[in-house]
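Participant: Quick one: the structure is below, questions incoming.
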Amino acid sequence: MNENRGVWVFSDKYDLALEILGKAREIADKLQAELSAVLIGHNVQDKAMEMIRCGADKIYLADDQALESFQAERYLSVLYHLAASFKPEIMLIGSTKNGKPLAARLATRLGAGCVPDCTRLSLDEQKRLVGERMTYGGNAIAKLTFKTKPQIATVPARAFEKPEPKDRNGQLVKVDVKIEEPKTEIVETKSLETSNVRIEDAEVIVSVGRGLEKKEDKALLEKLAAVLSGQVGSSRPLVEDRKWFSEWIGLSGHKVKPKLYIACGISGVIQHVAGIRDSKVIVAINKDPEAPIFEVADFGVVGDLYEVLPALTEAIKKQLQ
Amino acid sequence: MKRIIVCLKQAIDVSQLKVDPPTRQLMTASAPRKMSDFDKNALEEAIKIKEKLGATEICTVTLSSEDAKAVLREGLAMGADKAFLVNDPAVKDVDTLGTAYVLAEAIRKIGEFSLILCGETSLDSFSGLVGPRLAELLNLPQITSARKITVDGDTVTVERTLEDAVEAVKAKMPALVSVTREINQPRIPSLMMIMRASKKEIVMWALSDLKLEGDKIASKIELVEVLAPKTERKKIKITGENVQEIADKLAKALVQEGVIRR
Numbered sequence: 192m193n194e195n196r197g198v199w200v201f202s203d204k205y206d207l208a209l210e211i212l213g214k215a216r217e218i219a220d221k222l223q224a225e226l227s228a229v230l231i232g233h234n235v236q237d238k239a240m241e242m243i244r245c246g247a248d249k250i251y252l253a254d255d256q257a258l259e260s261f262q263a264e265r266y267l268s269v270l271y272h273l274a275a276s277f278k279p280e281i282m283l284i285g286s287t288k289n290g291k292p293l294a295a296r297l298a299t300r301l302g303a304g305c306v307p308d309c310t311r312l313s314l315d316e317q318k319r320l321v322g323e324r325m326t327y328g329g330n331a332i333a334k335l336t337f338k339t340k341p342q343i344a345t346v347p348a349r350a351f352e353k354p355e356p357k358d359r360n361g362q363l364v365k366v367d368v369k370i371e372e373p374k375t376e377i378v379e380t381k382s383l384e385t386s387n388v389r390i391e392d393a394e395v396i397v398s399v400g401r402g403l404e405k406k407e408d409k410a411l412l413e414k415l416a417a418v419l420s421g422q423v424g425s426s427r428p429l430v431e432d433r434k435w436f437s438e439w440i441g442l443s444g445h446k447v448k449p450k451l452y453i454a455c456g457i458s459g460v461i462q463h464v465a466g467i468r469d470s471k472v473i474v475a476i477n478k479d480p481e482a483p484i485f486e487v488a489d490f491g492v493v494g495d496l497y498e499v500l501p502a503l504t505e506a507i508k509k510q511l512q
Numbered sequence: 319m320k321r322i323i324v325c326l327k328q329a330i331d332v333s334q335l336k337v338d339p340p341t342r343q344l345m346t347a348s349a350p351r352k353m354s355d356f357d358k359n360a361l362e363e364a365i366k367i368k369e370k371l372g373a374t375e376i377c378t379v380t381l382s383s384e385d386a387k388a389v390l391r392e393g394l395a396m397g398a399d400k401a402f403l404v405n406d407p408a409v410k411d412v413d414t415l416g417t418a419y420v421l422a423e424a425i426r427k428i429g430e431f432s433l434i435l436c437g438e439t440s441l442d443s444f445s446g447l448v449g450p451r452l453a454e455l456l457n458l459p460q461i462t463s464a465r466k467i468t469v470d471g472d473t474v475t476v477e478r479t480l481e482d483a484v485e486a487v488k489a490k491m492p493a494l495v496s497v498t499r500e501i502n503q504p505r506i507p508s509l510m511m512i513m514r515a516s517k518k519e520i521v522m523w524a525l526s527d528l529k530l531e532g533d534k535i536a537s538k539i540e541l542v543e544v545l546a547p548k549t550e551r552k553k554i555k556i557t558g559e560n561v562q563e564i565a566d567k568l569a570k571a572l573v574q575e576g577v578i579r580r
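Heads up: the sequence lines are chains A and B, in that order. Using the numbering used here, the letters of the first sequence map in sequence onto residues 192 to 512. Using the numbering used here, the letters of the second sequence map in sequence onto residues 319 to 580.
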């Protein structure tokens, strides 16, 4: 068990791999260990340099036409082969829709433990990896560590900042492994019509819940969001029950951490709160003075969003003049 | 179509979980339990497939304490045919790998199947690891994040939602599919269905029935602590004579906080 050495990073989303590299560098330094990134794809060698600049000492490059796009068994066989041969101590894997199940299967094949969706990572006195994650539907934060190695954790997007690239040297290791035959076949891929701006990137979010009476009334939020150069978001009922929005903010949807989050007509169930907890400032506007959202807000206004929003839009315009 | 296996979890009803504010400890022992929502969607989907294709048996399986029988009964009332409960005092500290080992052995013992359906994640721990781990142990094709499932002959086709795309994925059965909550609206069993379900069988197994030992399933993860997050919010209520005044005060406060750029 002591023979496991080194910190490894992999994500099927390249930007997320860079974000994780920043944190992984800190951990590797504390362990005085080497930091490696696994790069899987086709004609992706040019990405290796940037990964080195973002902190990697070594890049394991698996470049093959069969690896051009994500396929679970193919990617798994590459990662498993490398991990079984070189025995890393820690593997940090991007917690995407494809990455998390991949980590779970890799951990199973290696007989390893896995802590998913870690938003914080540290080392304990015994230099074991400690991951922090939300649990019990957002009611709690659990700190978990590992009894065996490798220690595998998955990391969601935006948990860590992408590091400033530096001039560094690193080593590129081309790997040639037997790629497993896939058990599933991707028949069709349709890109989702999402706006180019991701809600996770917004500095200001004006969000609405059941308090919205008609779909057209979204305009009220859009006006305020426009004044604040922000985006409009919604809670889950407006997506699941009313179908007025396509994506929601919350534990099972998008987790956001804007500078300013304005919750309008949102009661504040724990699952929603779990998705906004890291916002810098939270404003709650709700008719119900007992709404739980006020317990997690910096500023609360008890009132009808139909009256408060237009007034607030004007008031902010005045402040900005 | 051979059997459909649905993995169920008796989860803590997180909406009714209380926190002890001074210690930030969670009062999990007193919190009510229920069938994990996502698993209910998986079971509903199994029932829909059976209604369409007929001639298949739906078996539910869980690793839990004996009080999880209530959850299994509910599943039987919804439309499952048979339920299996693995319960053993040796199962104390079990992680997602141990759970997957137990479910894998239980499923092998149940017999031949075409599909295993799981919830994408569980309501309480929200890990989302057991499904893929189980697929790996049983050497099955695995399709996660399913929002639509179509069975045709020996092939299952699944529409799955990714971050930026919707993918249609096909696999030869047997296969494991984990479902999202978008996939369907689970039925609520009628009194008649509940009555009829009381005659259905719940099979109880211990680890020895599955030729498993406590060591094999021992957790590789150690819980350091679990606490309610600190809420360090100002909780300032903005009041005033009228909505204009309130809006002005709020706007000024936001400028002072530095979250609105002049």
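Glycine included, C-beta positions come from ideal geometry on N, C-alpha and C. As the structure is a prediction and not an experimental result, all values here were calculated from the model.
If A/L500 and A/L415 are in contact, beta carbons under 8 Å, what's the gap, nearest whole angstrom?
Facilitator: Your numbering for residue 500 of chain A matches position 309 in the first sequence. Your numbering for residue 415 of chain A matches position 224 in the first sequence. Yes, A/L500 and A/L415 are in contact; Cβ-Cβ is about 6 Å, under 8 Å.
Participant: From A/M192 to A/K340, what does the alpha carbon distance come to, in whole angstroms?
Facilitator: As a first step, residue 192 of chain A is located in the first sequence; it is residue number 1 there, counting from the start. As a first step, residue 340 of chain A is located in the first sequence; it is residue number 149 there, counting from the start. For A/M192, the predicted structure reports a pLDDT of 46, less than 50, and the residue's modelled location is therefore unreliable. A value from the coordinates is still provided. Taking the straight line joining both Cα atoms gives about 6 Å.
Participant: For B/K466, which residues does DSSP report across the bridge?
Facilitator: By one-based count along the second sequence, residue 466 of chain B stands at place 148. Bridge partners of B/K466: B/E477.
Participant: Examine chain B for any beta-carbon lying closer than 8 Å to the beta-carbon of A/M192, and answer yes or no.
Facilitator: Counted from its first residue, the first sequence places residue 192 of chain A at position 1. With a pLDDT of only 46 at A/M192, under 50, the local geometry of the prediction cannot be trusted, and no value is derived from it.
Participant: Which of the three DSSP states is assigned to B/M319 in this structure?
Facilitator: Counting from one through the second sequence, the residue named residue 319 of chain B turns up at place 1. Three-state DSSP puts B/M319 in coil, outside helix and strand.
Participant: Taking the alpha helix (DSSP H) that B/N359 falls in, what are its first and last residues?
Facilitator: Position 41 of the second sequence, counted from the first residue, corresponds to residue 359 of chain B. Residues 355-371.
Participant: So, at 8 Å on beta carbons, what are the nonlocal neighbours of B/L480 in its own chain, with the 5 sequence-adjacent residues on each side left out?
Facilitator: Mapped onto the second sequence, residue 480 of chain B falls at position 162. So the qualifying residues of the chain are S463.
Participant: So which residues of chain A does B/D357 contact, with C-beta pairs closer than 7 Å?
Facilitator: Numbered from 1 along the second sequence, position 39 holds the residue referred to as residue 357 of chain B. Here the premise fails: no neighbours, minimum Cβ distance about 14 Å.
Participant: Taking only beta-carbon positions, decide if A/A410 is within less than 8 Å of chain B.
Facilitator: In the first sequence, the residue the question calls residue 410 of chain A occupies position 219. A/A410 does not count as touching chain B.
Participant: Within the same chain, show all residues whose beta-carbon is closer than 6 Å to that of A/V151, passing over the 5 residues directly before and after it, in chain order.
Facilitator: Residue 151 of chain A falls outside the range modelled here, since chain A spans only 192 to 512, and no answer is possible.
Participant: Ignore the nearest five residues each way along the sequence and tell me which others in B/L415's own chain have a CB closer than 7 Å to its CB.
Facilitator: Numbered from 1 along the second sequence, position 97 holds the residue referred to as residue 415 of chain B. These residues qualify, in order along the chain: R451, K538.
Participant: Report the rounded CA-to-CA distance for A/E194 versus B/D482, giving the unit in angstroms.
Facilitator: Numbered from 1 along the first sequence, position 3 holds the residue referred to as residue 194 of chain A. Numbered from 1 along the second sequence, position 164 holds the residue referred to as residue 482 of chain B. Whole-angstrom Cα-Cα distance: 40 Å.
Participant: Identify, in the order they occur along the chain, each residue of the same chain with its Cβ nearer than 7 Å to the Cβ of B/T417, setting aside the five sequence neighbours on each side.
Facilitator: Numbered from 1 along the second sequence, position 99 holds the residue referred to as residue 417 of chain B. Hits under 7 Å: L381, V448.
Participant: With three or more beta-carbon pairs closer than 8 Å as the criterion, would you say the region 457-474 of chain B touches the region 519-526 of chain B?
Facilitator: At 8 Å Cβ cutoff, the stretches do not touch.
Participant: What are the uninterrupted segments assigned as beta strand (DSSP E) that are 3 or more residues long and contained completely in the region 366-433 of chain A, given in chain order?
Facilitator: Fully enclosed beta strand (DSSP E) runs of 3 or longer: 375-382, 395-399, 422-425.
Participant: Does the Cβ of B/P339 have 16 or more other Cβ atoms within 10 Å, making it buried, or fewer, making it exposed?
Facilitator: Against the second sequence, residue 339 of chain B aligns to sequence position 21. Exposed: under 16 other Cβ atoms inside 10 Å.
Participant: In angstroms with no decimal places, state the Cα-to-Cα distance between B/L435 and A/S425.
Facilitator: Within the second sequence, numbered from 1, the residue matching residue 435 of chain B stands at position 117. Within the first sequence, numbered from 1, the residue matching residue 425 of chain A stands at position 234. The alpha-carbon atoms of B/L435 and A/S425 are separated by roughly 30 Å.
Participant: Could you check whether the region 324-344 of chain A touches the region 362-374 of chain A, counting it as contact only if at least three pairs of C-beta atoms, one from each stretch, sit closer than 8 Å?
Facilitator: The region 324-344 of chain A is not in contact with the region 362-374 of chain A.
Participant: Between B/K570 and chain A, is any beta-carbon pair separated by less than 8 Å?
Facilitator: Here residue 570 of chain B corresponds to residue number 252 of the second sequence, with the count starting at 1. True, the Cβ-Cβ gap to chain A drops below 8 Å.
Participant: Rounded to whole angstroms, what's the CA-CA distance from A/P483 to A/S458? Just pull it up for me.
Facilitator: In the first sequence, residue 483 of chain A corresponds to position 292, counting from 1. In the first sequence, residue 458 of chain A corresponds to position 267, counting from 1. Their Cα atoms are separated by approximately 6 Å.
Participant: With DSSP as the reference, please indicate the residues paired to B/L394 in a beta bridge.
Facilitator: What you label residue 394 of chain B is simply residue 76 of the second sequence in a count that begins at 1. According to DSSP, B/L394 bridges with nothing at all.
Participant: Answer yes or no: does any C-beta atom of chain A fall closer than 8 Å to that of B/L284?
Facilitator: Outside the modelled stretch of chain B, which goes from 319 to 580, sits residue 284 of chain B, for which no answer is possible.
Participant: Tell me, please, which residues DSSP counts as bridged to B/R351.
Facilitator: Here residue 351 of chain B corresponds to residue number 33 of the second sequence, with the count starting at 1. DSSP, once it has assigned bridges, lists B/I330 as partnering B/R351.
Participant: For A/I332, list the residues DSSP reports as bridge partners.
Facilitator: Taking the first sequence and counting its residues from 1, one reaches residue 332 of chain A at position 141. Partner(s): A/M325, B/L545.
Participant: Does DSSP classify A/R311 as helix, strand or coil?
Facilitator: Position 120 of the first sequence, counted from the first residue, corresponds to residue 311 of chain A. Strand at A/R311.
Participant: Just to confirm, are A/G502 and A/V474 a CB contact at a threshold of 8 Å?
Facilitator: Locating residue 502 of chain A in the first sequence gives position 311, where the first residue counts as 1. Locating residue 474 of chain A in the first sequence gives position 283, where the first residue counts as 1. Here the sequence assigns Ala to residue 502 of chain A, which means Gly is not the residue at that position. Cβ atoms of A/A502 and A/V474: not closer than 8 Å.
Participant: Counting only runs of 4+ residues fully inside the region 424-484 of chain A, write out the alpha helix (DSSP H) ranges in chain order.
Facilitator: The region 424-484 of chain A contains these whole alpha helix (DSSP H) runs: 428-431, 461-467.
Participant: Taking Cβ positions only, does A/Q422 come closer than 8 Å to chain B?
Facilitator: On the first sequence, position 231 is the one that residue 422 of chain A refers to. Taking Cβ atoms only, chain B never reaches closer than 8 Å to A/Q422, which makes this a no.
Participant: Using DSSP's beta-bridge definition, name the partner residues of B/V337.
Facilitator: Within the second sequence, numbered from 1, the residue matching residue 337 of chain B stands at position 19. B/V337 is bridged to B/L344.
Participant: Of the choices B/L441, B/L455, B/L458, B/I461, whose alpha-carbon is the least far from that of A/M325?
Facilitator: Within the first sequence, numbered from 1, the residue matching residue 325 of chain A stands at position 134. Ranking the options by Cα distance to A/M325, first place goes to B/L441.
Participant: Is there a C-beta anywhere in chain E that falls below 8 Å from the one on A/I281?
Facilitator: This model lacks chain E altogether, as its protein chains are A and B.
Participant: Is the beta carbon of B/K320 less than 8 Å from the beta carbon of B/E423?
Facilitator: Counting from 1 along the second sequence, the entry for residue 320 of chain B is found at position 2. Counting from 1 along the second sequence, the entry for residue 423 of chain B is found at position 105. Against a cut-off of 8 Å, the Cβ pair of B/E423 and B/K320 comes out as no contact.
Participant: Using only CA atoms, which one of B/E559, B/A569, B/A536 lies nearest to A/G302?
Facilitator: Numbered from 1 along the first sequence, position 111 holds the residue referred to as residue 302 of chain A. For the residues B/E559, B/A569, B/A536, the minimum Cα distance to A/G302 belongs to B/A536.
Participant: In or out: B/N457 buried (at least 16 other Cβ within 10 Å) or exposed?
Facilitator: In the second sequence, residue 457 of chain B corresponds to position 139, counting from 1. Exposed, by the Cβ-count rule.
Participant: Count the C-beta pairs between the region 314-328 of chain A and the region 493-501 of chain B that are closer than 8 Å, then say yes if the count reaches three, no if not.
Facilitator: Because the criterion of three Cβ pairs below 8 Å is not met, the region 314-328 of chain A and the region 493-501 of chain B do not touch.
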